[in-house]
Every structure is written in structure tokens, then in C-alpha cells.
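Enquirer:
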Amino acid sequence: MTRTRSTDAVAAFIGALVSTLMLKGASFGHAPWYISRSSGLVAYVLLTLSVVLGLMLSARSPRPLLPRALAFDLHQFLSILTLTMIGVHAGILLFDTYLGFGPSEILVPFASGSQPLLTATGVIATWSLIGVTASFWVRRHIGQRTWRRLHYVSFASWLLALVHGFAQGTDTHIPFVSATYILSAAVVAGLLTYRIGSRSGSRTPASTPPPHAGPGSRESRRLASRAASD
């Protein structure tokens, strides 16, 4: 994905939010409620796919399903698309006359009078995702290591989104929807376990050089270099 396309996606996200605020007060019947429910589920699925791709990239599998550059671009694109769908999910509620949400309810944690704790999980997840996604554009300035550490926040964001959708979503009782939450949780948990295991396994040889690898040998230097890169 090129930088121009990324910029266009961000501009579309901001434009959607601004347009939503400008149209506040219009009446659309029950449509906002249905749109919010569907876009929220789509946003969660997109977020899960983004997290899965991120885990696959960090695990450094010897046989990746996608070329690394393509997987990274897709990971970034999915993050932006997730935020766009979250913008629709939250912004459309401004048109819901039954809930009566205002900008503060969808932007400020615990400001909602309707299930404030569960609503806050969605708001906090959104703000943290905005921060993680924005880090794509400042990666060169903050350094690769800081950028990777910042990306750990995405796991908390995903978990908050899971809690928000599963506990507060009105469609959780539908078998397909509940199965989506359960399956996605199992996939992310499995990949995270694999990632942790693969990283620990890759560090074991570096921390325990073989007997024939002396301090100045080529093998010793190779292992030290590998440990430093990890």
C-alpha cells in the first residue's frame, strides 16, 4: 500500500467524522442503530485480521503465507480500515434518537449514561488504536524498538474491543456472532502462544553457545550478532 493511499484513507476517516457531526440532528429512523451494529462487528473482524497479520509478521515464520512487505502493507491498511469502520460505528449513533448520544458520549470514556463501563471499553480501545495506527507514520523518528513496543498496545485494544462487543453487543446471542468472537479469541490466543514460543526458542542457541564456539570463533560472533538483533 502506497503512502498516498494511506493518506487518502486517513482523509476519508476524518471526512466521515466531520460529515457525521455536521448532519447531527437529522432523522433516519432505525437505520443508525442497524448500521452501528453491523459496522461494529465488521470493525472487530478487521481489527482481528490486523492483529493476526501483526503476529504473523513478528513470529518470522520460515514459510510465511505472504511476502513480508505485502503483509506489512496489508497490516497497515487493515488498521486504517478498522478505524474507518469504528468511525461509522460510533458516529452513526449521533443520529439515533433513542439513545441520544452526543459527541462526548462517543469520544470521552465513562461519559455515557448507558452502560458507562462497557461503553468506555470501546472508547478506550478506539483511542489506543488511533495512537498505534498513527505510529506507522512516525516509525522512523521513534525508532524500530520503540515502535514495536508501542504496538503491544494493540493487544490491549483488541481485548477491550472483544469485551465491548461480546458483553455490550446486542447481537451476541446470534450463534454466528458469538462463534465469531470465540473463534477469533482462539486464533489470536493460539498465534500469540506460538509467537512467544518461537521467540524463546530462537534465543536459546544464542544464550548457550556450543562447546566448539570459542570467544573469537566465527560461530560465536554469529550467535552474538543474532542475540543482539533479537
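If you want the numbering used here, it's the position in the sequence shown, counting the first as 1, plus 18.
Note that beta-carbon positions come from the ideal geometry of N, C-alpha and C, so glycine has one too.
Please read these numbers as outputs of a predicted model, since none were measured by experiment.
Taking only three categories from DSSP, how would you classify P223?
Expert: With a pLDDT of only 48 at P223, under 50, the local geometry of the prediction cannot be trusted, and no value is derived from it.
Enquirer: What would DSSP say about G232, mapped onto helix, strand or coil?
Expert: Because G232 carries a pLDDT of 44, less than 50, the predicted location of this residue cannot be relied on, and the following value inherits that uncertainty. G232: coil per DSSP, three-state reduction.
Enquirer: How is G187 classed by DSSP in three states: helix, strand or coil?
Expert: Correct three-state label for G187: coil.
Enquirer: Taking A87 and L75 to be in contact with their CB atoms under 8 Å, please state how far apart those CB atoms are, rounded to whole angstroms.
Expert: Not quite, the Cβ-Cβ distance comes to about 10 Å (not below 8 Å), so this is no contact.
Enquirer: So the candidates are V195, R81 and R213; which of them puts its Cα closest to the Cα of R55?
Expert: Among V195, R81 and R213, the Cα nearest to that of R55 belongs to V195.
Enquirer: Here's the rule: buried if 16 or more other CB atoms are within 10 angstroms of the residue's CB, otherwise exposed. What is P50?
Expert: Flag for P50 reads buried.
Enquirer: Reducing DSSP to helix, strand and coil, say where G72 ends up.
Expert: It is helical.
Enquirer: Could you have a look at A129 and say whether DSSP puts it in helix, strand or coil?
Expert: It is coil, neither helix nor strand.
Enquirer: According to DSSP, simplified to helix, strand and coil, what is V63?
Expert: In the structure shown, V63 sits in a helix (DSSP, three-state: H, G or I).
Enquirer: The alpha helix (DSSP H) spanning L84 covers which residue range?
Expert: Taken as a continuous stretch (DSSP letters only), L84 belongs to no alpha helix (DSSP H), as it is neither H nor E.
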